[in-house]
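Student: Under my numbering, think of the first position of the sequence shown as 1, with each following residue one higher. Ideal placement from N, C-alpha and C gives every residue a C-beta, glycine not left out.
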Amino acid sequence: DEKKLDAALGQLASRRLGAGVRGEVKGQGPSVVTFASAQGAAPVMGYALAHGFALVATGPAVAKLSNLAALGEADSLLQDQVLKASRARLPAPCDLFAFAPNGSPALIRAPVTSALVTVSLTPTALVLEADGPMKTEQNLAPLFQKQPGAADTAGLLPDDAFLLFRTKGSPAAAAPFVADALGPLIARVFADAKLDVKTEVLDRLKPGTSFALSLAPKPPMDRGLPAFDIRKTNPFSYAHLTGVAEASGADVAVPTLEKVATISPRFGATITKQERQGKTVFVTTWAQGEGVHFAVVGERLFFGSPIHRVEALMSAAPKAAPLALTDDAASLTVDLKRLASSVRALPESAWGLGGFAMKATTVRWLEATDDLTALTLGVNAKPEALQAKVSLALTPPPAPGAVRAP
């Protein structure tokens, strides 16, 4: 609907860009509608209609719209062979797709040469799927390929988890990315201590690591949102961590943990080796309190914080996973309903002085997002490309005439 599109883009240009002066430029190609801040000023936004599509641009790209709109289908991006291949690998149809071709600045640090993202919206979910051929120098295939016999450790994690992650890929394949994950300080300390993360950590782990986050029973909500700086905030005062990894043999993790314990003061932590429940436990503390603790039980490595979470893991019996996971090489589930219920159930003391107002505000915000039920992510490496799927589950709308329960 050209009139509605023109009105919508005009409002967007005026309210967001301060460009309320509408103009029209006619050339050899299709006409270009422009929006500028003043009469005679350079347009900051514009659009042209061609072949049933609207080409929209901002800034200097507005001047190119007429020529772009004049291109035939044979010259269009739809004929790009890489795009065609990606579209064939993803389910069709979709409501919207975006494509970043080879050489796009957005992909300079990405592990793929190009990327296609499709978006589909139904009454029950918003789904994003991505596909991109992998760069040879950043090959993530081993990391995101399901390994045969990968252990399913998610059933050992606590029932109160609101977030659950599991990987079935090869831990050793993560070696090229460890330095960035650890940060320059810890990476330099490990290098000085001649601790090779690949051979002494990753090569000693089997596929099948999983971890969970649970809301702390009394998070310091009166402090507001936590600062994303471990020098100022202990994240485990807001969310408890529990995790399980499978080692390649009994107690092979102990020598590595002992080595890390000796160098831990150099990165601001203290790790002490203790015996708890007759098992070897490495207890970590730092300036903000408890860190991530480790326990070695046979071929299993338990980790988490606070310490009582690790102790519970050591005696946990296998059961069904606390949250449903997709059967992908890497999968993540966030139960938004459970998280919202846990926040609502926090005691008044968790909100501090004047917390009654903070809690009421938070609960109102949760009610406004009550239609969001769960977020899931799955990642797999296929022979041709790296693929990911993100799904935001929605509460289905009530049937005509029905009244949704409060």
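If we require 3 or more residues per run, which beta strand (DSSP E) segments fall completely within the segment 146 to 184?
Tutor: Complete beta strand (DSSP E) runs here, min 3: 163 to 167.
Student: Around the C-beta of residue 108, are 16 or more other C-beta atoms found within 10 angstroms, so that it is buried, or is it exposed?
Tutor: That one is exposed.
Student: Excluding sequence positions up to five away, which residues of its chain have a Cβ less than 6 Å from the Cβ of residue 366?
Tutor: Excluding sequence neighbours, residue 366 sits near 340.
Student: Give a yes or no on contact between the segment 268 to 288 and the segment 230 to 248, applying the rule of three or more CB pairs nearer than 8 Å.
Tutor: Segments in contact, yes.
Student: Could I get the ranges of all uninterrupted beta strand (DSSP E) runs contained in the segment 20 to 99, with 3 residues as the minimum, in chain order?
Tutor: 21 to 25, 32 to 36, 45 to 50 and 53 to 58, all fully within the segment 20 to 99.
Student: Taking the beta carbon of residue 241 as the centre, do at least 16 other beta carbons fall within 10 Å, making it buried, or is it exposed?
Tutor: Residue 241 should be labelled buried.
Student: Do residue 134 and residue 158 have their beta-carbon atoms positioned less than 8 Å apart in this structure?
Tutor: No. Outside cutoff.
Student: Comparing the CB of residue 280 with every heavy atom of the ligand NAP, is any distance shorter than 7 Å?
Tutor: Inclusion of the ligand NAP in the displayed structure is not the case, the ligand content being empty and no account of it being possible.
Student: Please name the residue or residues paired with residue 121 in a DSSP beta bridge.
Tutor: Answer is 126.
Student: Helix, strand or coil: which one does DSSP assign to residue 262?
Tutor: Helix.
Student: Is DSSP giving residue 109 helix, strand or coil here?
Tutor: Residue state, collapsed to three classes: coil.
Student: Just checking, does the segment 79 to 91 make contact with the segment 373 to 385 on the three C-beta pairs under 8 Å criterion?
Tutor: Result yes; three or more Cβ-Cβ pairs closer than 8 Å.
Student: Determine the contact status of residue 101 and residue 80, defining contact as a CB-CB distance below 8 Å.
Tutor: For residue 101 and residue 80, yes; Cβs fall inside 8 Å.
Student: Between which two residues does the beta strand (DSSP E) containing residue 300 stretch?
Tutor: Counting along the chain, the beta strand (DSSP E) containing residue 300 begins and ends at 300 to 305.
Student: With DSSP as the reference, label residue 232 as helix, strand or coil.
Tutor: In the structure shown, residue 232 sits in coil (DSSP, three-state: anything other than H, G, I, E or B).
Student: Would you check if the segment 183 to 202 and the segment 311 to 325 touch, i.e. whether three or more CB-CB distances between them fall below 8 Å?
Tutor: In short, these stretches do not touch, since the Cβ pair count stays below three.
Student: Is it right to say residue 51 is buried, meaning 16 or more other beta carbons lie within 10 angstroms of its own, or is it exposed?
Tutor: The residue in question, residue 51, is exposed, as its Cβ has fewer than 16 Cβ neighbours within 10 Å.
Student: Would you mind reading off the limits of the beta strand (DSSP E) that contains residue 451?
Tutor: As displayed, the chain neither begins before 1 nor continues past 406, which places residue 451 out of reach and without an answer.
Student: Give the DSSP bridge partners of residue 199, in chain order.
Tutor: None; residue 199 has no bridge partner.
Student: Counting along the chain, where does the beta strand (DSSP E) carrying residue 387 start and finish?
Tutor: That run of the beta strand (DSSP E) goes 386 to 394.
Student: Go ahead and pull the three-state DSSP assignment for residue 209.
Tutor: In this structure, residue 209 counts as coil in the three-state DSSP scheme.
Student: For residue 373, which three-state DSSP category applies?
Tutor: DSSP places residue 373 in strand when its eight states are reduced to three.
Student: Could you check which residue in 26, 27 and 57 has the C-alpha nearest to that of residue 10?
Tutor: When only C-alpha atoms are compared, the closest one is 57.
Student: Quick one: Cα of residue 352 to Cα of residue 221, how far?
Tutor: Their backbone Cα atoms lie some 7 Å apart in a straight line.
Student: Comparing the C-beta of residue 255 with each C-beta of chain D, is any distance below 8 Å?
Tutor: Structure shown: chain D not included; a single protein chain is present.
Student: Starting from the Cα of residue 272, find the closest Cα among 250, 252 and 295 and give me that residue.
Tutor: If we check each option's Cα against that of residue 272, 295 comes out closest.
Student: Hey, is the segment 88 to 95 in contact with the segment 114 to 129, meaning 3+ C-beta pairs nearer than 8 Å?
Tutor: Cβ pair count under 8 Å is three or more, so yes.
Student: Measure from the alpha carbon of residue 332 to the alpha carbon of each residue in 379, 315 and 317, then state which is nearest.
Tutor: Looking at the Cα atoms, 379 is the closest of the given residues.
Student: Classify residue 122 as buried or exposed, calling it buried when 16 or more other Cβ atoms lie within 10 Å of its own Cβ.
Tutor: With fewer than 16 other Cβ atoms within 10 Å, it is exposed.
Student: Quick one: residues in its chain with C-beta nearer than 7 Å to the C-beta of residue 392, no 5 flanking neighbours on either side, listed in chain order?
Tutor: Counting only Cβ-Cβ distances below 7 Å, and skipping sequence neighbours, we find 125, 126, 372 and 375.
Student: How long is the line joining the alpha carbons of residue 252 and residue 204, rounded to whole angstroms?
Tutor: If you take the alpha carbons of residue 252 and residue 204, they lie about 7 Å apart.
Student: Just to confirm my understanding: we take residue 174, look at its own chain, exclude 5 residues before and 5 after, and list those with CB closer than 7 Å. What are they?
Tutor: Around residue 174: 143 and 202.
Student: Using 8 Å for Cβ pairs, my map puts residue 342 next to residue 99. What's the rounded Cβ distance?
Tutor: Rounded, the Cβ-Cβ distance is 39 Å, inconsistent with contact.
Student: When you compare each of 38, 39, 45 and 54 to residue 5 by their alpha carbons, which one comes out closest?
Tutor: Taking only the C-alpha atoms, the option nearest residue 5 is 54.
Student: Helix, strand or coil: which one does DSSP assign to residue 337?
Tutor: Correct three-state label for residue 337: helix.
Student: When the Cα of residue 326 is compared with those of 197, 381 and 165, which residue comes out closest?
Tutor: For residue 326, the nearest C-alpha among the options comes from 165.
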